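Residue numbers (numbering that gives the first Met the number 0), protein chains in the order written: chain A, 0 to 272; chain B, 0 to 272; chain C, 0 to 272. What follows is one structure encoded as structure tokens, with my remarks underneath.
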Amino acid sequence: MLGKYLNEVRSKTPLVHNITNYVTVNDVANALLACGGSPIMSDEPDDVADITSICGGLNINIGTLNKRSIEAMFVAGKKANELGHTVLLDPVGAGASALRTNTALELMQKVRLDVIRGNVSEIKTLALGSGTTKGVDADAADTVTEENLDLMVDFAKAFAKKTGAVIAITGAIDLVADGEKCFVIRNGRPEMSRITGTGCQLSSIATAYAVANPENKTEAVAASVCLMGLAGEIGYSYMQKGEGNSTYRNRIIDAIYNMDAETLSEGAKYEVR
Amino acid sequence: MLGKYLNEVRSKTPLVHNITNYVTVNDVANALLACGGSPIMSDEPDDVADITSICGGLNINIGTLNKRSIEAMFVAGKKANELGHTVLLDPVGAGASALRTNTALELMQKVRLDVIRGNVSEIKTLALGSGTTKGVDADAADTVTEENLDLMVDFAKAFAKKTGAVIAITGAIDLVADGEKCFVIRNGRPEMSRITGTGCQLSSIATAYAVANPENKTEAVAASVCLMGLAGEIGYSYMQKGEGNSTYRNRIIDAIYNMDAETLSEGAKYEVR
Amino acid sequence: MLGKYLNEVRSKTPLVHNITNYVTVNDVANALLACGGSPIMSDEPDDVADITSICGGLNINIGTLNKRSIEAMFVAGKKANELGHTVLLDPVGAGASALRTNTALELMQKVRLDVIRGNVSEIKTLALGSGTTKGVDADAADTVTEENLDLMVDFAKAFAKKTGAVIAITGAIDLVADGEKCFVIRNGRPEMSRITGTGCQLSSIATAYAVANPENKTEAVAASVCLMGLAGEIGYSYMQKGEGNSTYRNRIIDAIYNMDAETLSEGAKYEVR
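Right, dumping it as structure tokens:
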């Protein structure tokens, strides 16, 4: 069923403007190409309005933010809003520093966001207005588990209703919620957390999926989350003796590249609550 | 025949200063090492004059330009010119934003360029003084085809004559021209366009080839273009089940690493017009 | 014997703040994850004090320094010193430009460093206060060899005594010295020099090792140097036909990921002088 959103991406080749961190940017670009989108990166305030204008979506990732790139995020966000483009925020490290928390909160106030994707610590920080995050990884105390799942589903829906954005909380169990419903997704493998940037890659892919499926953004973002997790499963199945996280990184992007609608529809493991 | 230019690179290990985008910079460094060159990156105005002074060539790539790196491009370009070093311009995204177009045009005015390498949309933008580019990829309408090949060969030669630079236009068919002759090159595979940064890698390799072959810059740049395309063919021949664009990226750089003069001479597919 | 330091890293998952160059940063993050640490990157002066505060160690790499990141290095270094965190300096390109040399020297004066890791040209530049480096690679004239080994061991010990830091000089033969003793390490393969960033990766791993083994910093840094070289040997043993430096890069990080204490203890080739 979710495979149809993949087909829309492959047929439309959405161009996504990424203001993103320099740690994972290369994998973000290759993952976006792998899923059927097209990437462009620019973080200079004098460049971003032009660049975002020729794109369909804007992916704002605050991973290695600086004063210049923060200014560019607001300039690009404003322009993307004017043009009705899809905008996603990935609040990397919100809760880990005042600058990251405040930048993410101010972006939420001044830019109309279609999607917010982060780990549970980051999303809680945005919902509560402050927080403590252990670096760029989620706090163990915050994890979505089978035990707190009902509570977390309610939290995700409430935050989606409040913000008007699709909320994607990713971890061992992934949640994708709008104000009415929540996809609970159980694709993926624990080894993915030993690779840098799978979350950043997902944010750019989710942007492409939302751009290509404007009438079904929640479903499209859920499809992208299933895609990433399923690619993690398929990529892992190709791992050979002696291979570790660096090769696994390549195999996941390779699996995104080779994914088709049927495989995604059959492999997606989710329920809607 | 072109293999002798490869041998010059491997024997001289040209040190290339790269002011380049942060998206593909790691692959640029590894590709440069693979071809037999040596990379150094610096984009701070207060650092670049010293750095470029110890190098043989300068590769200016405007892919994620900002005010600081733009200033560095002019400082480094001026110093490289003073020292008689080879300078290459890769006008990534020229035509996609005013800042990129204007920066590339101003670099052409103020820095003596030995080589300009881009896709056809970018090169047309430089030749016409303005343009529209779909992001960092060439506009489909602009593609060099068998049908418009004569026209494009003339265009490349005329632009080379006007600028005094070797002009490399890369795509399905690649052109490398000076004012007198044009190499028409048919190496490569379409799957290379699904990897980010093969163009950026080529620009750094072309710089190394031009540095190591100062008496035959046009032939050397043509050899580097054949090398990149042939590496794409050889890398593809090693692709296994389940592999996609991320592994293909590695296999191309691996093929550059393993290339020898004989393989390049035999595998290069070109004609001179 | 050195394997116990590996176990400490894996059990403590030290969080390391990296102010590092954008060329090799992705491999640095994946290498840090592979060894059992956890990476976070930030180079904005307004962000780094918060970020370094939640970490156990700070890895300062001046590879693509700029005015902003230099300011961030001093802010973060001061905060890390206040908190008693481990601080490592990787003086990439010291000797290649005045800015790099002077920044490294000023960092040595104003920040208390626990470890300094570089190639022999860079370390000599710091010891002498000036120097000439061929780009980011060591000058051939400077190499540590069996012939000058006694002299270089004395040099490393003397520089360690003078600075109070553990000194790691890496190359064909690696030296890790404090004021009293020097580990002479003979792991690794020459092909590692054809990959960008193995030194940068080692610096971040060495930081994690020092953080996790505060009572035995010299031994822990020596263990990390053996780990990197041994991973280079093991990764090479998995190389297949057609593979080159790009795949080798992945295989080395994979080998770090799969390393256990026993393998490290058995494979480490060193003597203490």
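All C-beta atoms, glycine included, are put in the ideal place defined by N, C-alpha and C. Because the structure is a prediction, the values reported are computed rather than measured.
Query                                                                                                               : Result
Contact set between Lys66 of chain A and chain C, taken where Cβ atoms lie within less than 9 Å                     : Glu43, Pro44, Asp45, Arg67
Contact list for the segment 184-212 of chain B against chain A, Cβ threshold 9 Å                                   : Ser192, Arg193, Ile194, Thr195, Gly196
Candidates B:Lys216, B:Leu64, B:Gly35, B:Gly241: closest to Ala95 of chain B by CA position                         : B:Leu64
Gly228 of chain B beta carbon less than 9 Å from that of Arg185 of chain B                                          : yes
Pairwise C-alpha distance: Ser120 of chain C and Met72 of chain B                                                   : 27 Å
Environment of Glu43 of chain C [buried if 16+ CB atoms lie within 10 Å]                                            : buried
Buried versus exposed, by CB contacts within 10 Å (16 or more), Glu179 of chain A                                   : exposed
Euclidean distance between Cα positions of Ile59 of chain A and Asp46 of chain A                                    : 15 Å
Closer than 9 Å to chain C by CB, Asp26 of chain A                                                                  : yes
Local Cβ density within 10 Å of Val183 of chain C, reported as buried at 16 or more and exposed below that          : buried
Val165 of chain B and Lys216 of chain B closer than 9 Å at C-beta                                                   : yes
First through last residue of the alpha helix (DSSP H) which encompasses Gly36 of chain A                           : Neither: Gly36 of chain A is in no alpha helix (DSSP H) and is coded neither H nor E.
Local Cβ density within 10 Å of Ser202 of chain B, reported as buried at 16 or more and exposed below that          : buried
Reduced DSSP secondary structure (H/G/I, E/B, other) of Cys181 of chain B                                           : strand
Check whether Arg111 of chain C and Asn80 of chain C have beta carbons under 9 Å apart                              : yes
Nearest neighbour of Ser245 of chain B, chosen from A:Ala171, A:Ile251, A:Lys78, A:Gly243 [CA to CA]                : A:Ile251
Proximity below 9 Å, CB of His16 of chain A to CB of Ile50 of chain A                                               : yes
Extent of the continuous alpha helix (DSSP H) run through Glu7 of chain A                                           : 2-11
Residues of the segment 231-264 of chain C whose Cβ lies closer than 9 Å to any Cβ of chain B, in chain order       : Gln239, Lys240, Gly241, Glu242, Gly243, Asn244, Ser245, Thr246, Tyr247, Arg248, Asn249
Per DSSP, the bridge partner or partners of His16 of chain B                                                        : B:Ile39, B:Leu57
Residue burial classification, Gln200 of chain A (beta-carbon count within 10 angstroms, cutoff 16)                 : buried
Cross-chain neighbours of Val22 of chain B in chain A, by beta carbon under 7 Å                                     : Val24, Asn25, Ala28, Met40
Beta bridge counterpart(s) of Gly83 of chain A as assigned by DSSP                                                  : DSSP output for Gly83 of chain A lists no bridge partner at all.
Three-state class that DSSP yields for Ser129 of chain B in the structure shown                                     : coil
Within 9 Å, strictly: CB atoms of Gly36 of chain B and Ala211 of chain B                                            : yes
Per DSSP, the bridge partner or partners of Ala176 of chain C                                                       : C:Ile166, C:Cys181
DSSP-derived helix/strand/coil call for Asp280 of chain B                                                           : Past the boundaries of the shown model lies residue 280 of chain B; chain B is included only from 0 to 272, so the question cannot be answered.
Beta-carbon spacing of Gly56 of chain B, Ala207 of chain B below 9 Å                                                : yes
CB of Ala48 of chain A within 9 Å of CB of Lys78 of chain A, strictly                                               : yes
Option nearest Thr144 of chain C by Cα separation, candidates C:Asp153, C:Phe154, C:Ile172                          : C:Ile172
Leu32 of chain A versus A:Tyr21, A:Leu14, A:Thr23, A:Asp149, residue with shortest Cα-Cα distance                   : A:Leu14
Proximity winner among B:Val271, B:Arg272, B:Ala260, B:Glu270, relative to Met0 of chain B (alpha-carbon distances) : B:Ala260
Beta bridge counterpart(s) of Leu88 of chain B as assigned by DSSP                                                  : B:Ile59, B:Ile115
Glu265 of chain A - DSSP class collapsed to helix/strand/coil                                                       : helix
Chain-ordered neighbours of Leu98 of chain A on chain C, where CB pairs are closer than 8 Å                         : Glu43, Asp45, Asp46, Asp49
Per DSSP, the bridge partner or partners of Ala93 of chain B                                                        : B:Ser96
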